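Numbering (the numbering used here), first residue to last: 3 to 176.
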């Protein structure tokens, strides 16, 4: 004897649609979580008039917060590639925010990078906490062609009247 096939009911169709929608929602939520965790989002200010103020510091935690503890401003649009600035930051060891903020490592208040197009170099002016008369504590230069720091004295002719392309400011300095 053969059995008759069961008749498909509307009730079964409703359960099937609900199960399908639940599966789609779960997949979308999982994708959203994965994408948001791997976004690698960065914030970048461009222009010369950007200003950030802060009253409280979060330095009690192990991580420093951009915009609160420190401010980064790229003003290199059309002047020099951001990757060249980042290369100079990395070579000089100035891209480690924990070290830059640490009073034992450098006690820095501000970094300014100027681009000298004719020499193809980035001049880095570093200011320690307590600097006076807007005079930098240290001035060094990174040669983008030779991919190394420039030896010797860096005269004002290397950075005077050159465009400011990067500024890092320690907002916790009072």
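We treat Cβ as the ideally placed atom computed from N, Cα and C, and that holds for glycine.
Everything numeric in this text was worked out from a predicted model, so none of it was measured.
Presumed contact (8 angstroms Cβ cut-off) between residue i and residue j, rounded CB distance
| i | j | result |
| --- | --- | --- |
| residue 115 | residue 167 | 5 angstroms |
| residue 174 | residue 71 | 6 angstroms |
Same chain, Cβ closer than 6 angstroms to residue i, neighbours up to 5 away in sequence not counted
| i | result |
| --- | --- |
| residue 52 | Any answer about residue 52 is weak, because its pLDDT of 39 lies below 50 and its placement is not dependable; what the coordinates show is given next. Same-chain partners within the cutoff: 75. |
| residue 81 | 117, 165 and 167 |
| residue 86 | 146 |
| residue 102 | 110 |
Rounded separation between residue i and residue j - CA only
| i | j | result |
| --- | --- | --- |
| residue 122 | residue 146 | 6 angstroms |
| residue 124 | residue 90 | 7 angstroms |
| residue 19 | residue 32 | 20 angstroms |
| residue 162 | residue 119 | 12 angstroms |
| residue 148 | residue 136 | 30 angstroms |
| residue 15 | residue 69 | 54 angstroms |
| residue 160 | residue 35 | 48 angstroms |
| residue 144 | residue 83 | 14 angstroms |
| residue 46 | residue 79 | Because residue 46 sits at a pLDDT of 45, beneath the cut-off of 50, its placement in the model cannot be relied upon, and the point is left open. |
| residue 29 | residue 77 | 41 angstroms |
| residue 37 | residue 27 | 15 angstroms |
For residue i, the first and last residue of its enclosing alpha helix (DSSP H)
| i | result |
| --- | --- |
| residue 93 | 84 to 94 |
| residue 101 | 99 to 103 |
Other residues of its chain near residue i: CB distance less than 8 angstroms, five sequence neighbours each side excluded
| i | result |
| --- | --- |
| residue 139 | 128, 129, 130 and 133 |
| residue 142 | 94, 125, 126, 128, 151, 152 and 156 |
| residue 111 | 129, 130, 131, 132, 133, 171, 172 and 175 |
| residue 97 | 88 and 91 |
| residue 24 | none |
Residue i - containing beta strand (DSSP E), residue span
| i | result |
| --- | --- |
| residue 145 | 140 to 145 |
| residue 124 | 123 to 130 |
| residue 68 | Premise fails: residue 68 is in no beta strand (DSSP E) and is neither H nor E. |
| residue 118 | 110 to 118 |
| residue 169 | 166 to 172 |
Beta-carbon proximity list for residue i, same chain, < 7 angstroms, skipping 5 on both sides
| i | result |
| --- | --- |
| residue 109 | 130 and 131 |
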